[in-house]
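**Q** Below you will find the structure I want to go over with you.
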Amino acid sequence: MTYLRKGNRDLIKEINRNLVLNLIKSRGPVSRTEIARLSGLSPATISGISADFITAGLVHEMGEGESTGGRRPVLLRLNQQAGFVVGVKLMEHAVTSALTDLDANVLHHRVTPLEHARDFSAVLEAIVRAIEMTIEESEVDWARVLGIGIGMAGVIRGEAGLCHYSPFFGWRDVKVAEPIEAHFALPVYIDNDVNTLTIAEQWFGYGHGVDDFVVVTVGRGIGAGIVVNGQFYRGALGGAGEFGHITLAREGPLCDCGKRGCLEALASDPAVLRMVRERITTGEETALAGVGALTLKDVICAAESGDQVAREALAYSGRWLGVGVANLVNILNPQLVIVAGEGVQAGEYRFEAMREAIQIHTFDGLAEELKIVIEPSGDETWARGAASLVLGEIFKHPLYRNERIDLVASMA
Numbered sequence: 005m006t007y008l009r010k011g012n013r014d015l016i017k018e019i020n021r022n023l024v025l026n027l028i029k030s031r032g033p034v035s036r037t038e039i040a041r042l043s044g045l046s047p048a049t050i051s052g053i054s055a056d057f058i059t060a061g062l063v064h065e066m067g068e069g070e071s072t073g074g075r076r077p078v079l080l081r082l083n084q085q086a087g088f089v090v091g092v093k094l095m096e097h098a099v100t101s102a103l104t105d106l107d108a109n110v111l112h113h114r115v116t117p118l119e120h121a122r123d124f125s126a127v128l129e130a131i132v133r134a135i136e137m138t139i140e141e142s143e144v145d146w147a148r149v150l151g152i153g154i155g156m157a158g159v160i161r162g163e164a165g166l167c168h169y170s171p172f173f174g175w176r177d178v179k180v181a182e183p184i185e186a187h188f189a190l191p192v193y194i195d196n197d198v199n200t201l202t203i204a205e206q207w208f209g210y211g212h213g214v215d216d217f218v219v220v221t222v223g224r225g226i227g228a229g230i231v232v233n234g235q236f237y238r239g240a241l242g243g244a245g246e247f248g249h250i251t252l253a254r255e256g257p258l259c260d261c262g263k264r265g266c267l268e269a270l271a272s273d274p275a276v277l278r279m280v281r282e283r284i285t286t287g288e289e290t291a292l293a294g295v296g297a298l299t300l301k302d303v304i305c306a307a308e309s310g311d312q313v314a315r316e317a318l319a320y321s322g323r324w325l326g327v328g329v330a331n332l333v334n335i336l337n338p339q340l341v342i343v344a345g346e347g348v349q350a351g352e353y354r355f356e357a358m359r360e361a362i363q364i365h366t367f368d369g370l371a372e373e374l375k376i377v378i379e380p381s382g383d384e385t386w387a388r389g390a391a392s393l394v395l396g397e398i399f400k401h402p403l404y405r406n407e408r409i410d411l412v413a414s415m416a
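Quick note, in our numbering, the sequence shown goes up one by one and the last residue is 416.
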């Protein structure tokens, strides 16, 4: 469900303020005259709104622009540190948290181990501790923290603040946001972790200004975030984007989900390790045969040293990933595919094969204008994505904004 608010005079003012704020954010430093030209609003309206923003400390005046015949215009820019947001990435064995400014710049981040915590009360305690430590270590004023965003794997019903299903913790229908919101007295937003990364791309990354794009993540698992006609797509239950569980090989390897032949069982990082171990078991010669607790980094190092088994395992995973991406392209016809996640570190040993498979399996013509971006993303990037849940609400059009957080309206 998308929030859609009824119109009135106050809402029109709010829409105008939101328009001006987003123009200052995206075009700044920018003059009032240029804002009036781009927005279609009157100079008087722009002057009034910008004065409110400056008084509130949300916007700064900085320097002067080039003259077009009269006085040199004063330029406006967003005060990135007018407020702060906390992003939390909940992982199987750790909580990564980050504090960002209003432009999604990470100012501080930390990793809090979960050890063997699995029940919700223990994990909740770790999340709260991570948030408190992040804010305290960053030394920002608590009063300037606007909200908290949380990203985690699984089927998430964000508007209810609910984790419908978590594959890592085994949770079902757990209210994650509510106790955190009560503890901090701040709005808390929760979503699937791949969705949060996609929202970050839409607002602050390669997807900014792109109407149709997909973010594919590869690492321990495989997922996808989907933007169609400029709108983020979650599906009926919030489960859209379980890309790793499309079936590509009916009699393929067993997936962690209990089914066979999922893309995740063929192309994820654990799938690469499984393939290497299988080759070792058959007696094939490889430098990896003597490695105990095998990791993807071991496989990449071996591939860089010319190890054929390592190179073939990475290429095999890349080909299956490419087949999966080709299916997405055939269904959605995006302008852009961003590949992110921990598995990106495998580089061209994986992605050359992926690109070849995309070209082979994509319907004629659909790949001609397709742009593919490979973007490394570590724990900090995931936490920044979670923070973008809150930032997205702050800058969202008022008709669709969740009314729990409304920075622009507070400037009235």
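For every residue, glycine included, the Cβ atom is placed at its ideal position computed from N, Cα and C.
Among the residues of its own chain, which have a CB less than 6 Å from the CB of isoleucine 184, if the five just before and after it don't count?
**A** Position 180 of the sequence shown, counted from the start, is the residue given in the question as residue 184. Contacts found: Val192.
**Q** How about glycine 165 and valine 180: do their beta carbons lie closer than 8 Å?
**A** Locating residue 165 in the sequence shown gives position 161, where the first residue counts as 1. Locating residue 180 in the sequence shown gives position 176, where the first residue counts as 1. For glycine 165 and valine 180, yes; Cβs fall inside 8 Å.
**Q** What does DSSP give as the partner residues of alanine 344 in its beta bridges?
**A** Residue 344 sits at position 340 when you count from the first residue of the sequence shown. Thr221, per the DSSP bridge assignment.
**Q** Below 6 Å CB to CB, which residues in the same chain sit around isoleucine 376 once its five sequence neighbours on both sides are set aside?
**A** In the sequence shown, the residue the question calls residue 376 occupies position 372. Val341.
**Q** What's the call for lysine 301, buried or exposed, on a 16-neighbour Cβ count within 10 Å?
**A** On the sequence shown, residue 301 is found 297 positions in, with the first residue counted as 1. The residue is exposed, with fewer than 16 neighbouring Cβ atoms inside 10 Å.
**Q** So for cysteine 266, helix, strand or coil by DSSP?
**A** Residue 266 sits at position 262 when you count from the first residue of the sequence shown. Three-state result, cysteine 266: strand.
**Q** Let me make sure I understand the geometry here. Which of Val303, Cys266 and Arg264 has the alpha-carbon closest to that of arginine 281?
**A** Here residue 281 refers to the residue found at position 277 when the sequence shown is read from its first residue. For arginine 281, the nearest C-alpha among the options comes from Val303.
**Q** Roughly how many whole angstroms lie between the Cα atoms of arginine 388 and alanine 189?
**A** Here the question's residue 388 lines up with position 384 in the sequence shown. Here the question's residue 189 lines up with position 185 in the sequence shown. Approximately 21 Å, taken between the alpha carbons.
**Q** I'd like the list of long-range same chain contacts for serine 414, defined as Cβ closer than 7 Å, with 5 residues on each side in sequence excluded.
**A** Walking along the sequence shown from the start, residue 414 turns up at place 410. Since pLDDT at serine 414 reaches only 47, below the 50 mark, its modelled position is unreliable, and no value is offered.
**Q** Can you tell me where the alpha helix (DSSP H) holding tyrosine 320 begins and where it ends?
**A** Sequence index remark: in the sequence shown, residue 320 carries index 316 (1-based). Taken as a continuous stretch (DSSP letters only), the alpha helix (DSSP H) holding tyrosine 320 covers 312-336.
**Q** Tell me the rounded alpha-carbon separation between arginine 41 and isoleucine 28.
**A** Within the sequence shown, numbered from 1, the residue matching residue 41 stands at position 37. Within the sequence shown, numbered from 1, the residue matching residue 28 stands at position 24. Between arginine 41 and isoleucine 28, the C-alpha separation is close to 13 Å.
**Q** To the nearest angstrom, how far is it from the Cα of serine 35 to the Cα of valine 214?
**A** What you label residue 35 is simply residue 31 of the sequence shown in a count that begins at 1. What you label residue 214 is simply residue 210 of the sequence shown in a count that begins at 1. Approximately 25 Å, taken between the alpha carbons.
**Q** Could you check where the beta strand (DSSP E) with alanine 228 kicks off and where it finishes?
**A** One-based indexing of the sequence shown puts residue 228 at position 224. From DSSP, the beta strand (DSSP E) with alanine 228 extends over 226-232.
**Q** Closer than 8 Å is the cut-off here; do at least three beta carbon pairs connect the segment 223-230 with the segment 195-212?
**A** These segments touch.
**Q** Could you check if leucine 241 is buried or exposed, using at least 16 other CB atoms within 10 Å of its CB as the buried criterion?
**A** In the sequence shown, counting from the first residue as 1, residue 241 sits at position 237. That one is exposed.
**Q** Would you decide whether tryptophan 175 is buried or exposed? Buried here means 16 or more other CB atoms lie within 10 Å of its CB.
**A** Sequence index remark: in the sequence shown, residue 175 carries index 171 (1-based). Tryptophan 175 should be labelled buried.
**Q** Comparing C-alpha positions only, which one of Gly209, Thr299 and Phe124 sits nearest to threonine 385?
**A** Numbered from 1 along the sequence shown, position 381 holds the residue referred to as residue 385. Taking only the C-alpha atoms, the option nearest threonine 385 is Gly209.
**Q** Give every residue of the same chain whose Cβ lies closer than 7 Å to the Cβ of glycine 256, excluding the five residues on either side of it in the sequence, and list them in chain order.
**A** By one-based count along the sequence shown, residue 256 stands at place 252. Closer than 7 Å at Cβ, skipping near neighbours: Arg264, Gly265, Ala269 and Leu270.
**Q** Quick check: is any heavy atom of the ligand PLP less than 7 Å from the C-beta of phenylalanine 188?
**A** As for the ligand PLP, it is missing from this structure, which has no ligand bound.
**Q** Kindly indicate which three-state DSSP category arginine 283 falls into: helix, strand or coil?
**A** As a working mapping, residue 283 is identified with position 279 in the sequence shown. DSSP places arginine 283 in helix when its eight states are reduced to three.
**Q** Who are the Cβ neighbours of asparagine 233 in its own chain at under 8 Å, not counting the five residues just before and after it?
**A** Here residue 233 corresponds to residue number 229 of the sequence shown, with the count starting at 1. Answer for asparagine 233: Asp215 and Asp216, listed in chain order.
**Q** Please state the DSSP three-state secondary structure of phenylalanine 88.
**A** Counting from 1 along the sequence shown, the entry for residue 88 is found at position 84. Three-state DSSP puts phenylalanine 88 in a strand.
**Q** Looking at the unbroken alpha helix (DSSP H) that takes in threonine 49, where does it start and where does it end?
**A** What you label residue 49 is simply residue 45 of the sequence shown in a count that begins at 1. That run of the alpha helix (DSSP H) goes 47-60.
**Q** Looking only at its chain, what residues have a beta carbon closer than 6 Å to the beta carbon of alanine 291, apart from the 5 residues adjacent to it on each side?
**A** By one-based count along the sequence shown, residue 291 stands at place 287. Excluding sequence neighbours, alanine 291 sits near Ala306 and Asp311.
**Q** If I measure Cβ to Cβ from valine 144 and keep anything under 7 Å in the same chain, skipping five residues before and after, which residues do I get?
**A** As a working mapping, residue 144 is identified with position 140 in the sequence shown. So the qualifying residues of the chain are Phe88 and Leu103.
**Q** Only counting the same chain, and skipping five residues up and downstream in sequence, which positions put a Cβ closer than 8 Å to that of alanine 293?
**A** What you label residue 293 is simply residue 289 of the sequence shown in a count that begins at 1. If we look at alanine 293 and ignore the five residues flanking it on each side, its Cβ neighbours are Ile284.
**Q** Among Val348, Ile362 and Ile378, which has the Cα closest to the Cα of leucine 332?
**A** The residue labelled residue 332 in the question sits at position 328 within the sequence shown. If we check each option's Cα against that of leucine 332, Ile362 comes out closest.
**Q** Let me know the secondary structure DSSP gives leucine 80 once reduced to three states.
**A** Mapped onto the sequence shown, residue 80 falls at position 76. Correct three-state label for leucine 80: strand.
**Q** So valine 343 and valine 159 are supposed to be a Cβ contact under 8 Å. How far apart are they, rounded?
**A** If you number the sequence shown from 1, residue 343 lands on position 339. If you number the sequence shown from 1, residue 159 lands on position 155. That belief does not hold up - the Cβ atoms of valine 343 and valine 159 are roughly 23 Å apart, past 8 Å.
**Q** Please classify leucine 258 as buried or exposed, where buried requires at least 16 other C-beta atoms within 10 Å of its C-beta.
**A** Looking up residue 258 in the sequence shown gives position 254. So leucine 258 ends up on the exposed side.
**Q** Can you round the beta-carbon distance between isoleucine 398 and leucine 150 to whole angstroms, since I take them to be within the 8 Å contact cut?
**A** Within the sequence shown, residue 398 is the residue found at index 394, counting from 1. Within the sequence shown, residue 150 is the residue found at index 146, counting from 1. Contact holds; Cβ gap of about 7 Å.
**Q** In the structure shown, what three-state DSSP assignment does aspartate 107 receive?
**A** Stepping through the sequence shown from its first residue, residue 107 is reached at position 103. Residue state, collapsed to three classes: coil.
**Q** Work out the CA separation of arginine 133 and serine 309 for me, nearest whole Å.
**A** Numbered from 1 along the sequence shown, position 305 holds the residue referred to as residue 309. Numbered from 1 along the sequence shown, position 129 holds the residue referred to as residue 133. Rounded to whole angstroms, serine 309 to arginine 133 spans 43 Å at the Cα level.
**Q** How close, in whole Å, do the beta carbons of glycine 326 and methionine 358 come, if the pair is a contact with beta carbons under 8 Å?
**A** Along the sequence shown, read from residue 1 onward, the residue named residue 326 stands at position 322. Along the sequence shown, read from residue 1 onward, the residue named residue 358 stands at position 354. The Cβ separation is near 4 Å, so the contact holds.
**Q** Output needed for leucine 374: all residues of its chain with C-beta closer than 6 Å, excluding positions within five of it in sequence on either side, in chain order.
**A** Taking the sequence shown and counting its residues from 1, one reaches residue 374 at position 370. Contacts found: none.
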